[in-house]
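Using our numbering, you'd call the opening residue of the sequence shown number 1130 and step up by one each time. First up is the structure itself, then whatever we jot down about it.
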Amino acid sequence: MKRVLLLHGYGGNATIFSKKIDFIRQQCGNDCEFVALDGPISLKSSEIPPYLLAKIAVGARLNQFAGRPPLQIDYRAWWLRGNPETIIEYVKFIITFMNRQSVPFDGVLGFSNGAAAAALLTALLEHPEFISIITREQFAIWAPGSSDAPHPPLKFCIAVAGFRPRSLRSLDTLFERGVNTPTLHIIGEADQLVPVNLAETLVQVCHNSRVEKHNGGHIIPAGMYWGQFIARYISLQDHKQSAAVPSPGSSVPAPAFRAFRGSL
């Protein structure tokens, strides 16, 4: 059974993101365990971007119109834009979490801010010497043949609307080393929050990349074909051989634009 870590987007949380990838879970059946994690930062209203506040307001009005009580949602993030200290805290948080796993993860799937967080995690597990450089703390690191607690490198990374994280010089140095872990990049050609040129900043530093584009915006492309494609990619024994998995095509079913329009 494959074990996959899920990292939500900015302003999302584990519960919401787990529901968003149901179409993938259905295609995987019992062959995968998906573990959704909450970001370490609970956002204040001042930290929620205007586009997300607008969506929250619409949802509140719909609930009011339907006579339902207002939803109490915890909007979370992995780090705050322009705040390097929160990236350092993220690294401490995620490495501590990974090192506590009795069964290691095979891969990670992240969306937007979560895709950047997934790429950073993937790079750190490949180059664990950077963990202490970034955090300025000592962490046990994995070595080939080791059976100690530290988590081994991942077998794959799936970055949906991802981008290369910056803000720290040590991150630049880390990504200049390159990411060798096979990485699937899913990019929306109409994405205005993470446009194609920004998404390609991550593609450029991943040496074993597969890129699939869709004609939608800042979304997780849904539908049967995309669900089958991602499930087949996850099921690969050697993710460097991903060419064996046929492309899902660029079109996205119309309901996906309504249901899965995402957060950064």
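The beta carbon of each residue, even a glycine, is placed where N, CA and C say it ideally should be. What you are looking at is a predicted structure, and each value in this text was computed from that prediction instead of being measured.
Classification of residue i by the beta-carbon crowding that lies within 10 angstroms, buried from 16 upward
i: proline 1375; result: exposed
i: histidine 1414; result: Since the first and last residues shown for the chain are 1130 and 1393, residue 1414 lies out of range.
i: methionine 1227; result: buried
i: asparagine 1159; result: exposed
i: lysine 1149; result: buried
i: glutamine 1333; result: exposed
i: proline 1179; result: exposed
i: valine 1232; result: exposed
Own chain, CB closer than 7 Å to residue i, minus 5 neighbours either side, in chain order
i: asparagine 1242; result: Gly1138, Tyr1139, Ala1206, Trp1207 and Leu1393
i: glutamine 1267; result: Ser1261
i: glutamate 1125; result: No answer is possible for residue 1125: it lies beyond the span of the chain, which begins at 1130 and ends at 1393.
i: leucine 1331; result: Ala1248, Ala1288, Gly1291, Phe1292, Arg1293 and His1314
i: alanine 1328; result: Ala1290, Gly1291, Phe1292, His1314 and Ile1316
Limits of the unbroken alpha helix (DSSP H) element including residue i
i: alanine 1288; result: First-last for alanine 1288: 1285-1289, but that is the beta strand (DSSP E), not the alpha helix (DSSP H).
i: arginine 1154; result: 1151-1157
i: valine 1232; result: No alpha helix (DSSP H) contains valine 1232, which DSSP labels as neither H nor E.
i: glycine 1243; result: 1242-1255
i: isoleucine 1262; result: 1258-1264
i: asparagine 1142; result: Here asparagine 1142 belongs to no alpha helix (DSSP H), and DSSP marks it neither H nor E.
i: tyrosine 1362; result: 1353-1364
i: leucine 1331; result: 1325-1332
CB contact flag (residue i, residue j, <9 Å)
i: glutamate 1341; j: histidine 1314; result: yes
i: leucine 1283; j: leucine 1250; result: yes
i: alanine 1244; j: glycine 1291; result: yes
i: phenylalanine 1259; j: leucine 1136; result: no
i: isoleucine 1297; j: isoleucine 1263; result: In the sequence as displayed, the identity of residue 1297 is leucine instead of isoleucine. Yes, Cβ-Cβ distance for leucine 1297 and isoleucine 1263 is below 9 Å.
i: isoleucine 1211; j: glycine 1168; result: Here the sequence assigns glycine to residue 1211, which means isoleucine is not the residue at that position. No.
i: histidine 1347; j: valine 1323; result: yes
i: isoleucine 1246; j: tyrosine 1219; result: Looking at the sequence shown, residue 1246 is not isoleucine but alanine. In this structure, tyrosine 1219 lies closer than 9 Å to alanine 1246 by Cβ.
i: tyrosine 1204; j: isoleucine 1223; result: no
Endpoints, beta strand (DSSP E) assigned at residue i
i: valine 1340; result: 1338-1343
i: leucine 1166; result: 1161-1166
i: glycine 1317; result: 1312-1317
i: lysine 1131; result: 1131-1136
i: phenylalanine 1222; result: Not the beta strand (DSSP E): phenylalanine 1222 falls in the alpha helix (DSSP H), residues 1213-1228.
Residues near residue i by beta carbon distance below 6 Å, same chain, minus five either side
i: lysine 1131; result: Cys1161, Asp1235 and Ile1363
i: cysteine 1157; result: Ala1360
Cutoff 8 Å; reference residue i; Cβ partners in own chain excluding five residues on either side
i: arginine 1295; result: Asp1301
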